[in-house]
Amino acid sequence: MLPTGELLIRRVDDEDKYRNYQCRAVNRLTGTTLLSGGRAKFTVTESPVDSAPRPLEKQTTIQVRKDQPVVLPCFAEGNPPPAIRWFRQDHHQLRPVPDTNDRIFRVGECLTILHTEESDAGRWVCVANNSAGVERMDLTLHVTSPLSVVVQPSGQLTVDVGAKAQLTCLVSGSSPHPTTTRSWLKDGHVIGPGTETLILERVQREDAGMYQCMVRTEDDSAQSSLQLRLGAAHPQLLYKFIYQTMQPGPPVSLKCIATGNPTPHITWHLDGFPLPQNDRFVIGQYVTLHGDVISHVNISNVQVEDGGIYRCTAANRVGEVSHSAEMRVY
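Everything in the sequence shown is counted per the working numbering, starting at -14 for the first residue and increasing by one.
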């Protein structure tokens, strides 16, 4: 049996025509066995007179993936049975294939190449000859490389909010079907057309995530990914308290929600001064899973002197943003 799975029978005799042949495949991991449904048979004929070699194989081009084995056939009939010799065509010269190569060797009439290399591509020549004549058969071997995709910049990209980001999808490797289909995905969802470059003109908070470039051909596919992280972002207020008018006595709560990178810190002021330090004023602040900062001021038993202009300020090393509104108590 050849490395690629074909069964080669040499020196066929009359007894071979009475046999049936089946193929059995075994899964190396599970041990599952699959037997071919049909059986193969062939006939054996004899030539009463000498005849020159005649090719039985019409194949002139073979394609193989790099690092995979390939078998180059050279089947010819004739009387007496022809002798087979293999050559490698080098420009206009034929160089005999040596018998000492462990990677390229003959198995009967066939030439076997293990772990095919790109340098193996080209023309191989089989010469069959006997006392009645000689026949030359040429085979062209194409060696293709696995499809490869690289997204640049590679790995991880940090971009400040509002800045421009450019991702490039580079495809390499040869394929029998040169037509490729590109797709850009973000967090597993298709987001853009199959262009080589994906441009984000002004990066926003929601643009952070995992980007993939998926490339497909008729018989191959490959992908590459990049994580886009947010760099510095000016604080923004997502929620702001509003103007209020109330009477003394009940409690009141003022809230601000901010976002930014680094995570901003929120401070509170009343009429330009820090909030009073007493038990009626409680300031709370926490960060959500999404990175938003929620800060609130809870005032119990509101008094007339608590009225005024309240201001929340969200600040980080990039900058700050504030919001003010009046609370009237009478």
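Every residue gets a Cβ at the ideal spot worked out from N, C-alpha and C, and that includes glycine.
Does DSSP put R190 in a helix, a strand or coil? helix
Determine contact between the stretch 27 to 42 and the stretch 59 to 78, defined as no fewer than three beta-carbon pairs at a distance below 8 Å. yes
Report the CB separation of V175 from T165 in whole angstroms; it is logged as a contact under 8 Å. Actually they do not touch by this definition, with Cβ atoms about 16 Å apart.
If you follow the beta strand (DSSP E) that T46 is part of, which residue opens it and which one closes it? 46 to 50
Per the contact definition of three or more C-beta pairs closer than 8 Å, is the stretch 109 to 129 in contact with the stretch 188 to 199? no
Distance check for R91 and S209, CA to CA, integer angstroms please. 40 Å
Quick check on the burial criterion: 16 or more other C-beta atoms within 10 angstroms. Buried or exposed for P161? Any reading at P161 must be qualified, since the residue scores a pLDDT of 48, below 50, and its modelled position is unreliable; no value is offered.
By alpha-carbon positions, which one of S280, T244, P261, V(-3) ends up nearest to G93? V(-3)
State yes or no: is the C-beta of R214 within less than 8 Å of the C-beta of Q151? no
Which residues DSSP lists as bridging Y295, in chain order: L255, A310
Neighbourhood of I227 by C-beta distance below 8 Å, restricted to the same chain and skipping five residues each side: A310
In terms of residue numbering, what span does the beta strand (DSSP E) encompassing Y271 cover? 266 to 272
What's the gap between the Cα of G23 and the Cα of G177? 48 Å
So the candidates are G292, G293, H308; which of them puts its Cα closest to the Cα of A299? H308
For D52, collect the residues of the same chain with a Cβ closer than 7 Å to its Cβ; drop the 5 residues on either side in sequence, then sort them by chain order. H100, T101
Please list, in chain order, all residues of the same chain as G(-10) whose beta carbon is under 6 Å from its beta carbon, the five residues on each side excluded. none
Cβ-Cβ separation, V287 to P233 (assumed contact under 8 Å), whole Å: 6 Å
The beta strand (DSSP E) enclosing T230, as first and last residue numbers: 229 to 231
How about V34 and K2: do their beta carbons lie closer than 8 Å? no
In terms of alpha-carbon separation, which member of Q262, Q197, D172 lies closest to T180? Q197
Compute the distance between the beta-carbons of L128 and V49, then report whether it is under 8 Å. As written in the sequence, residue 128 is Val, which differs from the Leu given in the question. Taking 8 Å as the Cβ cut-off, V128 and V49 qualify as a contacting pair.
The stretch 236 to 253 in contact with the stretch 272 to 283 per 3-pair CB rule at 8 Å: yes
Check whether the Cβ atoms of I89 and L79 lie closer than 8 Å to each other. no
Within the continuous beta strand (DSSP E) that includes H281, where are the two ends? 278 to 284
How long is the line joining the alpha carbons of R313 and V237, rounded to whole angstroms? 12 Å
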